[in-house]
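If you want the numbering used here, it's the 1-based position in the sequence shown plus 1.
Reviewing the structure listed below.
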Amino acid sequence: MMESMGKKKPRPRCSFTREFKAEIVELCQRGDRSVGQVAKDFDLTETAVRQWIRQAEVDAGQRDGLTSSERQELEALRRENRRLREDVDVLKRATAFFAKETR
2 MMESMGKKKP RPRCSFTREF KAEIVELCQR GDRSVGQVAK DFDLTETAVR QWIRQAEVDA
62 GQRDGLTSSE RQELEALRRE NRRLREDVDV LKRATAFFAK ETR
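Following this line, the structure appears as structure tokens:
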């Protein structure tokens, strides 16, 4: 019983629209409320809100890093690369199988 007293349950993972994230970032950048207060008001984690702000700054060219579109392209290329590697692996196994059959 004592072990569970200090542990918090993990929050369920949520996804938010670009528009919602942009509104939250705008609220934070206005300066009326702190990032922590905005996160608390909308029941968000402060870490997530700070990440959204950081990404908005990258997209606006105010900070170095991958823009959202570059990040999406990178994810798509990684998926395609993984699929192509799997295809090559299947072809290698098929070649080995048929080479063994013809001997």
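Heads up, the beta-carbon is just placed ideally off N, CA and C, and yes, glycines get one too.
Bear in mind the structure is a predicted one, so any value in this text is a computation, not a measurement.
{"query": "Throw me the rounded Cβ distance for the ILE54 and CYS15 pair, which I believe falls under 8 angstroms.", "result": "Contact flag wrong, Cβ pair sits at about 18 angstroms."}
{"query": "Quick one: what does DSSP say ARG92 is sitting in, helix, strand or coil?", "result": "Here residue 92 turns out to be Leu, not Arg, going by the sequence shown. In this structure, LEU92 counts as helix in the three-state DSSP scheme."}
{"query": "So does the segment 58 to 75 actually touch the segment 36 to 49, counting three or more Cβ pairs closer than 8 angstroms?", "result": "no"}
{"query": "DSSP on GLN38, reduced to helix/strand/coil?", "result": "helix"}
{"query": "Could you tell me the boundaries of the alpha helix (DSSP H) in which ASP65 lies?", "result": "Premise fails: ASP65 is in no alpha helix (DSSP H) and is neither H nor E."}
{"query": "Tell me the rounded alpha-carbon separation between ARG19 and ALA57.", "result": "10 angstroms"}
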